[in-house]
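Quick note on UniProt numbering: the sequence shown kicks off at 1 and runs consecutively. Virtual Cβ for every residue (Gly too), placed ideally from N, Cα, C. Contents: one structure, followed by commentary.
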Amino acid sequence: NPPRDPKKGLFVNEVIVDILFHGIFIGLLSILSFYLVLSVFGNNDRGDNCNSTFNPSCEYVFKARGTNFAVLTILLMFFSYSCRDPRRQTLSLNKLKNVYENKYLFYSFWAGIAVTFIALYVPGLNRDVFKHSPITWEWSIVAVAIVIYLAADAAYKYGKSFIFKTVYLNDEKQLNLQRIATKMTMDQ
Numbered sequence: 001n002p003p004r005d006p007k008k009g010l011f012v013n014e015v016i017v018d019i020l021f022h023g024i025f026i027g028l029l030s031i032l033s034f035y036l037v038l039s040v041f042g043n044n045d046r047g048d049n050c051n052s053t054f055n056p057s058c059e060y061v062f063k064a065r066g067t068n069f070a071v072l073t074i075l076l077m078f079f080s081y082s083c084r085d086p087r088r089q090t091l092s093l094n095k096l097k098n099v100y101e102n103k104y105l106f107y108s109f110w111a112g113i114a115v116t117f118i119a120l121y122v123p124g125l126n127r128d129v130f131k132h133s134p135i136t137w138e139w140s141i142v143a144v145a146i147v148i149y150l151a152a153d154a155a156y157k158y159g160k161s162f163i164f165k166t167v168y169l170n171d172e173k174q175l176n177l178q179r180i181a182t183k184m185t186m187d188q
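See the structure below:
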């Protein structure tokens, strides 16, 4: 994409709507994952004194927290890839071919995934600091949340293309900005 016009603000209506949509949707999926583990599969067993320390009665609460943490952090990593382009699909073939295009985003994505695993599985850190337990079968809830999020992101971007006007017009000013940006990246 060509660079945006520097005279226009960063937080235009489209960006605000994007942030609200993704924030609310990721939040709902996170809350739903917590609810499923605790209330549907955990028989709504809330344990005793679970905010202070772990005890066997807190197992479902801690697993629900771990699932919630995994869903939230991993979906935020996918959201970062979704932000690369406000209109084009996150999982388009072109985007998948260029997944390493922004090496900082690529490494940040995997660092975020690694931190999620560290926070979930390092003894002492998981139960004592983060107050959650390692998850096992709950990864299936995380996987389903990822699929739902990516499908919703694709549908949202498709629908958005009918509501908002075209972002990138190939006028002379935009083409000049694109040439400058291309030249700058080649000079590095």
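Using a Cβ-Cβ cut-off of 7 Å (strictly less than) and excluding sequence neighbours within five positions of residue i, which residues of its own chain qualify?
i, result
"Pro123", "none"
Do you know whose CA, among the options, lies nearest residue i's CA?
i, options, result
"Val37", "Val115, Asp48, Val61 and Gly47", "Val61"
"Thr129", "Ser39, Gly27 and Asn51", "Reading off the sequence, residue 129 comes out as Val, not Thr. Cα-wise, what sits closest to Val129 is Asn51."
"Ser33", "Cys58, Leu177, Ala154 and Asn68", "Asn68"
"Ser82", "Tyr149, Lys131 and Gly159", "Tyr149"
"Pro134", "Lys8, Glu59 and Asn102", "Glu59"
"residue 194", "Phe117, Thr90 and Asn176", "The displayed coordinates of the chain run from 1 to 188. Any statement about residue 194 would go beyond what the structure contains."
Please return the same chain residues whose Cβ sits closer than 8 Å to the Cβ of residue i, not counting the five positions on each side in sequence.
i, result
"Val115", "Thr73"
"Leu125", "Ile118 and Ala119"
"Ile31", "Asn68"
Would DSSP call residue i helix, strand or coil?
i, result
"Cys50", "coil"
"Glu101", "coil"
"Leu10", "coil"
"residue 190", "Any answer about residue 190 is impossible in this case: the structure gives the chain only from 1 up to 188."
"Leu125", "helix"
"Lys131", "coil"
"Leu91", "coil"
"Gly42", "coil"
"Trp110", "helix"
"Phe164", "coil"
Is the Cβ-Cβ distance between residue i and residue j less than 7 Å?
i, j, result
"Phe54", "Arg127", "yes"
"Phe25", "Ala155", "no"
"residue 191", "Gly112", "The first residue shown for the chain is 1 and the last is 188, placing residue 191 beyond what the model contains."
"Val142", "Ala64", "no"
"Ala145", "Leu29", "yes"
"Phe164", "Glu14", "yes"
Output needed for residue i: all residues of its chain with C-beta closer than 6 Å, excluding positions within five of it in sequence on either side, in chain order.
i, result
"Val99", "none"
"Leu75", "Ile26 and Tyr149"
So, is the C-beta of residue i closer than 7 Å to a C-beta in chain D?
i, result
"Ile74", "Here there is only one protein chain, and chain D is not present."
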